[in-house]
Amino acid sequence: MSTTSLREFAAQRRGYLPVLATTALFALTLAAGNYRYYGFLSGQVLANLFVDNAYLLVIAVGMTFVILTGGIDLSVGAVAALSTMLCADLVQRQGWPPLLVIPLVLVVGGLFGAGMGYAIHHFEVQPFIATLAGMFFARGLCYLISTDSIPISDHLFTTLAQSHVTLPGGVFVSWSVVIAVSVVAAAFLVLHYTRFGRAVYAVGGNPQSALLMGVPVGRTVIRAYTVSGLCSALGGVLFTLYTLSGYSLHLVGTELDAIAAVVIGGTLLTGGSGYVLGTVLGVLVLGVIQTIITFEGTLSSWWTKIAVGALLFVFVLLQRIMTARRRS
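My numbering puts the sequence shown at residues 817 to 1144.
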């Protein structure tokens, strides 16, 4: 084997290291929960990890596309909240049919993401600033619609929210989980088996080199943010089904949870390396931590933020070490 081949093999193995670390962390947290709490590893408890975090999983998938390009999207929580408000207002107050409202909401989210991607590429606005502006704009639109919570009693929404899919062993999951898993499967296929997916990795790895190789950098960036906006809107729809309400303060801080899930899942903040299945593991780790705190019963929910912050710090350090070794 040539020296170049050995280097490529070593680089590939280092690329898998964060995902393997996340897998080990997930297994460790499950083992710790099962050791301390009876029934922690029951089928329904594990299924509830997906039920309670289906909306976050979809949002985090969109965030994965953006971070893989070397960007960031701080607007995802606000766009998802805007989706809940649009669903609640149009369906409950205006009497629009849900089958028209839901596609409309998804289109709004996609256009919102595309607009930010266009500003980032064509006007060279830093992603942090462009998406921060998007976050304020979307959250402001929520308050323009209403400052109060809007409950939803529409038949289709309540039916989807209350129905479930039964799995072997009597375990059940919501339809939101089915949608979230479908989104993950679609994202995996897009990232690993399409030209757009390869372009996302190329742009995140080195935009200048990607441009020289003929990769449409601008179009790829805009599409990545469009995917993020679309996933944010869909995540908002799933959260609407979860809570059967729209509220301006829904999902405050969700953008940070999504970023944490992606980073803990092994995607490099500098872009160019990461896996959507790692993002799934990142979301599940956050869910397990929350479940442990719920089982404990005496701990404040803020311990979730403390634990996630500590894990995020550790994984960022791991990324820095990996990046330094790669450069050397």
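Idealized CB from N, CA, C, for every residue including glycine.
(1) Within 10 angstroms of the Cβ of serine 921, are there 16 or more other Cβ atoms? Answer buried if so, exposed if not.
(2) Which residues bound the beta strand (DSSP E) around phenylalanine 952?
(3) Does DSSP put valine 1031 in a helix, in a strand, or in coil?
(4) Looking only at its own chain, which residues have a Cβ that is under 6 Å from the Cβ of leucine 957, when we skip the five neighbours before and after it?
(5) Round the Cβ separation of aspartate 905 and glycine 1062 to the nearest angstrom and send it over; I've been treating them as touching at under 8 Å.
(6) DSSP state of glycine 1021, grouped into three classes?
(7) Measuring only the C-alpha atoms, how far is glutamine 828 from methionine 1138?
(8) Starting from serine 990, follow the beta strand (DSSP E) in both directions and report where the run begins and ends.
(9) On the DSSP bridge assignment, give the partners of threonine 1042 in chain order.
(10) Kindly indicate which three-state DSSP category isoleucine 1122 falls into: helix, strand or coil?
(11) Using three-state DSSP, classify serine 1048 as helix, strand or coil.
(12) Count the other CB atoms within 10 Å of the CB of proline 984; is the residue buried (16 or more) or exposed (fewer)?
(13) Does DSSP put valine 981 in a helix, a strand or coil?
(14) Taking only the alpha-carbon atoms, compute the straight-line gap between serine 1048 and leucine 948 and give it to the nearest angstrom.
Inspection of the coordinates gives the following:
(1) Locating residue 921 in the sequence shown gives position 105, where the first residue counts as 1. Residue 921 is actually valine in this sequence, not serine. Answer is buried; the Cβ neighbour count reaches 16.
(2) Taking the sequence shown and counting its residues from 1, the one referred to as residue 952 is at position 136. Per DSSP, phenylalanine 952 belongs to no beta strand (DSSP E); it is in the alpha helix (DSSP H), 943-961.
(3) Within the sequence shown, residue 1031 is the residue found at index 215, counting from 1. If DSSP states are grouped into helix, strand and coil, valine 1031 belongs with coil.
(4) By 1-based counting over the sequence shown, the position of residue 957 is 141. Annotation for leucine 957: Leu898 place their beta carbon closer than 6 Å to its own, counting only its chain and skipping 5 residues before and after.
(5) Locating residue 905 in the sequence shown gives position 89, counting from the first residue. Locating residue 1062 in the sequence shown gives position 246, counting from the first residue. Right, the Cβ-Cβ distance comes to about 7 Å (below 8 Å), so this counts as a contact.
(6) For the purposes of this step, residue 1021 is identified with residue 205 of the sequence shown, where counting begins at 1. Three-state result, glycine 1021: helix.
(7) Walking along the sequence shown from the start, residue 828 turns up at place 12. Walking along the sequence shown from the start, residue 1138 turns up at place 322. Confidence is the limiting factor: at glutamine 828 the pLDDT is only 49, short of 50, which leaves the residue's position unreliable and the question unanswerable from this model.
(8) In the sequence shown, the residue the question calls residue 990 occupies position 174. Counting along the chain, the beta strand (DSSP E) containing serine 990 begins and ends at 988-990.
(9) Indexing the sequence shown from 1 puts residue 1042 at position 226. Beta-bridge pairing links threonine 1042 to no other residue.
(10) Within the sequence shown, the letter at position 306 stands for residue 1122. For isoleucine 1122, the secondary structure class from DSSP, reduced to helix, strand or coil, is helix.
(11) For the purposes of this step, residue 1048 is taken as residue 232 along the sequence shown, with counting starting at 1. Looking at serine 1048 - three-state DSSP - the assignment turns out to be helix.
(12) Indexing the sequence shown from 1 puts residue 984 at position 168. Only exposed fits proline 984, as fewer than 16 other CB atoms lie within 10 angstroms of its CB.
(13) Start at 1 with the first residue of the sequence shown, and residue 981 comes out as number 165. Note: valine 981 maps to strand in three-state DSSP.
(14) In the sequence shown, residue 1048 corresponds to position 232, counting from 1. In the sequence shown, residue 948 corresponds to position 132, counting from 1. Approximately 15 Å, taken between the alpha carbons.
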